[in-house]
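Participant:
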Amino acid sequence: MDEIKLDPWGDSLVRDYEKLFTVFGIRPFREVLSLLDKPHLLHRRGVVFGHRDFDKVLQAFRSGEKVALLTGFMPSGRFHFGHKMLMDQIIYYQSIGIDVIIAIADIEAYVVRRIPRQEALRIAVEEYIANAVALGLDLSRARIYFQSNMDAPYYRLVQMFSQKVSMAEMEAIYGELNPGKIMASLTQMADILHPMLKEYGGYKHVFVPVGPDQDPHIRLARDIADRFESELGLRRPASTYHRFMTGLNGGKMSSSKPDSAIFLLEPIDSAVAKLKRALTGGRATVDEQRRLGGVPEACSVYEMYHYHLVTSDEELLNIYRRCVKGELLCGEDKQYAAEKLAKWMEEHRRKWEHALSLVTSKLDLPSF
Ligand code: TRP
Numbered sequence: 016m017d018e019i020k021l022d023p024w025g026d027s028l029v030r031d032y033e034k035l036f037t038v039f040g041i042r043p044f045r046e047v048l049s050l051l052d053k054p055h056l057l058h059r060r061g062v063v064f065g066h067r068d069f070d071k072v073l074q075a076f077r078s079g080e081k082v083a084l085l086t087g088f089m090p091s092g093r094f095h096f097g098h099k100m101l102m103d104q105i106i107y108y109q110s111i112g113i114d115v116i117i118a119i120a121d122i123e124a125y126v127v128r129r130i131p132r133q134e135a136l137r138i139a140v141e142e143y144i145a146n147a148v149a150l151g152l153d154l155s156r157a158r159i160y161f162q163s164n165m166d167a168p169y170y171r172l173v174q175m176f177s178q179k180v181s182m183a184e185m186e187a188i189y190g191e192l193n194p195g196k197i198m199a200s201l202t203q204m205a206d207i208l209h210p211m212l213k214e215y216g217g218y219k220h221v222f223v224p225v226g227p228d229q230d231p232h233i234r235l236a237r238d239i240a241d242r243f244e245s246e247l248g249l250r251r252p253a254s255t256y257h258r259f260m261t262g263l264n265g266g267k268m269s270s271s272k273p274d275s276a277i278f279l280l281e282p283i284d285s286a287v288a289k290l291k292r293a294l295t296g297g298r299a300t301v302d303e304q305r306r307l308g309g310v311p312e313a314c315s316v317y318e319m320y321h322y323h324l325v326t327s328d329e330e331l332l333n334i335y336r337r338c339v340k341g342e343l344l345c346g347e348d349k350q351y352a353a354e355k356l357a358k359w360m361e362e363h364r365r366k367w368e369h370a371l372s373l374v375t376s377k378l379d380l381p382s383f
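In my numbering, the protein residues as written are 16 to 383.
1) List, from N- to C-terminal side, the alpha helix (DSSP H) runs of 4 residues or more that fit wholly inside the segment 155-233.
2) With a cut-off of 8 Å on the beta carbons, I'd call A276 and H95 a contact; round off their distance for me.
3) With respect to the beta strand (DSSP E) encompassing A83, which residues constitute its N-terminal and C-terminal limits?
4) Considering only heavy atoms of ligand 1, does any lie closer than 7 Å to the CB of V225?
5) Just to confirm, does I1 get its C-beta within under 7 Å of one of the non-hydrogen atoms of ligand 1?
6) Which same chain residues, not among the five before or five after D17, have their C-beta less than 6 Å away from its C-beta?
7) Measuring CB to CB, does D230 end up less than 8 Å from Y256?
8) In the DSSP assignment, find the unbroken alpha helix (DSSP H) run with G97 in it and report its ends.
9) Roughly how many angstroms lie between the CA atoms of P381 and F36, to the nearest whole one?
10) Three-state secondary structure (DSSP) at K377?
11) Just to check, is the beta-carbon of I159 closer than 7 Å to a non-hydrogen atom of ligand 1?
12) Report the residue from S372, A149, D121 whose alpha carbon sits nearest the alpha carbon of M102.
13) Please report how far the alpha carbon of I105 lies from the alpha carbon of L84, in whole angstroms.
14) From the DSSP output, which residues share a beta bridge with P43?
15) Could you check whether G341 and R305 sit closer than 8 Å to each other, using their CB atoms as the reference points?
16) From what residue to what residue does the alpha helix (DSSP H) around S245 run?
17) Cα-Cα, which of E330, N333, A240, P54 is closest to K179?
18) Where DSSP assigns a beta bridge to H257, which residues make up the other side?
19) Among the candidates P282, M89, K349, Y107, whose CA atom is the shortest distance from the CA of Y160?
20) Buried or exposed for H369, please, with buried defined as at least 16 other CB atoms from any protein chain shown within 10 angstroms of its CB.
21) Inspect the beta-carbon positions of Q42 and G79 and report whether they are closer than 8 Å.
22) Give a yes or no on contact between the segment 272-289 and the segment 188-204, applying the rule of three or more CB pairs nearer than 8 Å.
23) Tell whether a beta-carbon distance below 8 Å holds between L48 and Q109.
24) Assuming contact is defined by CB atoms lying nearer than 8 Å, are L290 and R298 in contact in what I supplied?
25) I'd like to know whether the C-beta atoms of F278 and R93 end up nearer to each other than 8 Å.
26) Once DSSP output is grouped into helix, strand and coil, what is the label at M16?
27) How should T295 be labelled, buried or exposed, when 16 other C-beta atoms within 10 angstroms of its C-beta is the threshold for buried?
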């Protein structure tokens, strides 16, 4: 068996999602799908593929208990379609009545990525928060906070947690450590667990939707919750996991590789050009493609449909069928995708401009 490594600060590319079930004990999401009355397309289509204890959270929610979603974004680069996937889930959960708390990990960006604080603040507001609002997040019903702006009960957790975590344990989870990584990790533990304190809502059920690279943090948070159960009344957080988006040129989509990603606010012609250059599941020649059909599973244009651009399942299936039968060729398909993308981005940009002014007037921003 190949070794799989999940590294929250490295480059974890997951080739075989099934292994996360057998190696790490993540459970398949399809088990809990029926607990959502109207699942989001990312749930229906298997993009959200795994969970830990999410069944318990959903059962509590269905029986009327309050539930909090807590997740975080590190403001280190531009917001791309991979980030949108997580934001779409957050917005969906908010729409069904779950309380939403979003951590802006400006301390993590500062200590691990060396992003100046002022720059992290700008990226957080313009890229992450304004895009979130433009995508449909209701700011008045969400709590968005900056790590650097939190108060004593939250930071007291960082300090207290350090008592019950060993160096060996952290090294086993994260690999080589330095003080910055230790701080970032314990700060993330405070992010995940602080909603359970009475000062922040006293939630008994917190779940964390993330990409699988964040699972090491989730495992540690669950262990820490156990260790502070009697002292602080913490409970194990639950989690869900979504697939990474494939980069447009293979590999992982990442803001540090501009050609791998489409950024929500980039100029439309540049986005379209990237899409047209993207790796597809097409064959070497038109003739071969007509004979053998394309491979949508290996196509980053199809992935854009699957995750974002085509919301009707029927239309998606139709595209899939025409591709595998060799009826739909990549040139025609890319033209169609490009038009859909351009239209979407144009509307989104308008919403973003409106959102930006709202965000700057409504949010409690760190001062320097
Ligand atoms: N570490 C996450 C990232 O790199 C950001 C983050 C900070 C986070 N705090 C969190 C994610 C709490 C989930 C829950 O993107």
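Just so it is clear, CB atoms sit at the ideal spot from N, CA and C, and this is done for glycine as well. Computed from a predicted structure; not experimentally measured.
Facilitator: Well, looking at it:
1) Fully enclosed alpha helix (DSSP H) runs of no fewer than 4 residues occupy 167-176, 182-189, 194-208 of the segment 155-233, in order along the chain.
2) 4 Å
3) In the DSSP assignment, A83 falls within the unbroken beta strand (DSSP E) covering 82-88.
4) yes
5) Outside the shown range of the chain (16 to 383) lies residue 1, about which nothing can therefore be said.
6) Because the pLDDT of D17 is 48, which lies under 50, any placement of that residue in the model is unreliable, and the number read from its coordinates should be weighed accordingly. Within the same chain, D17 has no close Cβ partners at all.
7) Here D230 is near Y256, since their CB atoms are less than 8 Å apart.
8) 96-110
9) 40 Å
10) The answer is helix: DSSP assigns K377 an H, G or I state.
11) no
12) A149
13) 8 Å
14) G65
15) yes
16) 244-247
17) A240
18) Paired residues: V63.
19) Of P282, M89, K349, Y107, the residue nearest in Cα terms is M89.
20) H369 should be labelled exposed.
21) Residue identity differs from the one stated: residue 42 is Arg in this sequence, not Gln. No.
22) As far as the Cβ criterion goes, the segment 272-289 does not touch the segment 188-204, which means the pair count is below three.
23) Contact flag unset, no.
24) no
25) yes
26) In this prediction, M16 has a pLDDT of 42, which is less than 50 and means its spatial position is unreliable; what the coordinates show is noted afterwards. In this structure, M16 counts as coil in the three-state DSSP scheme.
27) buried
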